[in-house]
Amino acid sequence: MATAYDVRALPAPLILNEINKFVALRLLSLQVDPSLFGSTYEREIAFTEDQWRQRLDGHNKVTFVATISDSNDEPWVATMSIVAPSEIIFDYLAPVRNTDVGKDSDIYVMFGMWVRPEHRRRGLGKRLIEEGLEWIRKDNVKDGKVPKVLVLQLKEENVAGWALYGKMGFEVLPLKGESGHPWMFCYVA
């Protein structure tokens, strides 16, 4: 029998049990796939409860998790976060803002996508992205008068990520002279 999953946005403010479940999943992701992230296990294991709350709570950002259906005590199996334009540090998006994609658009950033290895290839990444896109559609930053675009940075060696994001309609953002990790984007209609 196939495992059934639920995907949901974490409510803010989070209760301590949910923070602990997220922390366990995030730290595991940094241990299992350290090359896929811009942070490290050593850095994040030192975070305080307040730092985790700051990362997770707020109305201008959202974290989605996938859980095994009808299982309250099981560890979470996947996660992904999105930050709205008002929460983004301006300098971080400078490369994107200097392109036609970022010009005159509300730019949302997706980060922290990860699925436990034993739950991969079951559509969870797709479901997380679909939920994220729906959240963006409902977010009326500027009364819907400005195009919305979702961007992410991806390491070249993340083959599974490239395949997933390509299937979901993301395109490589052509950044002239930019070094570092490539950006991908998709317009949110």
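Just so we're aligned: 30 in this note's numbering is position 30 of the sequence shown, and the numbers increase by one with no gaps anywhere.
The C-beta atom is built at its ideal place from N, Cα and C for all residues, glycine as well.
L16 sits exposed, since fewer than 16 C-beta atoms from the chains shown fall within 10 Å of its C-beta. Residues of the same chain with a CB within less than 8 Å of the CB of G166, apart from the 5 flanking positions on each side, do not exist. Residue pairing for A9: DSSP places it in a beta bridge opposite F64. A78 sits in a strand when the DSSP states are folded into three classes.
Nearest to P11 by C-alpha distance, out of F64, W52 and H119, is F64.
Closest in alpha carbon position to M113, among T79, C186, L56 and G132, is T79. The three-state reading of DSSP puts V96 in helix, counting H, G and I together. Within the DSSP bridge table, the entry for W183 names Q153 as partners.
Taking the C-beta atoms as reference points, S39 is found no nearer than 8 Å to L27. Taken through DSSP and simplified to helix, strand or coil, K148 comes out as strand. For T67, the CB contacts under 6 Å within the same chain, skipping 5 residues up- and downstream, are D6 and W76 in chain order. At least 8 Å separates the beta-carbon of V188 from that of I107.
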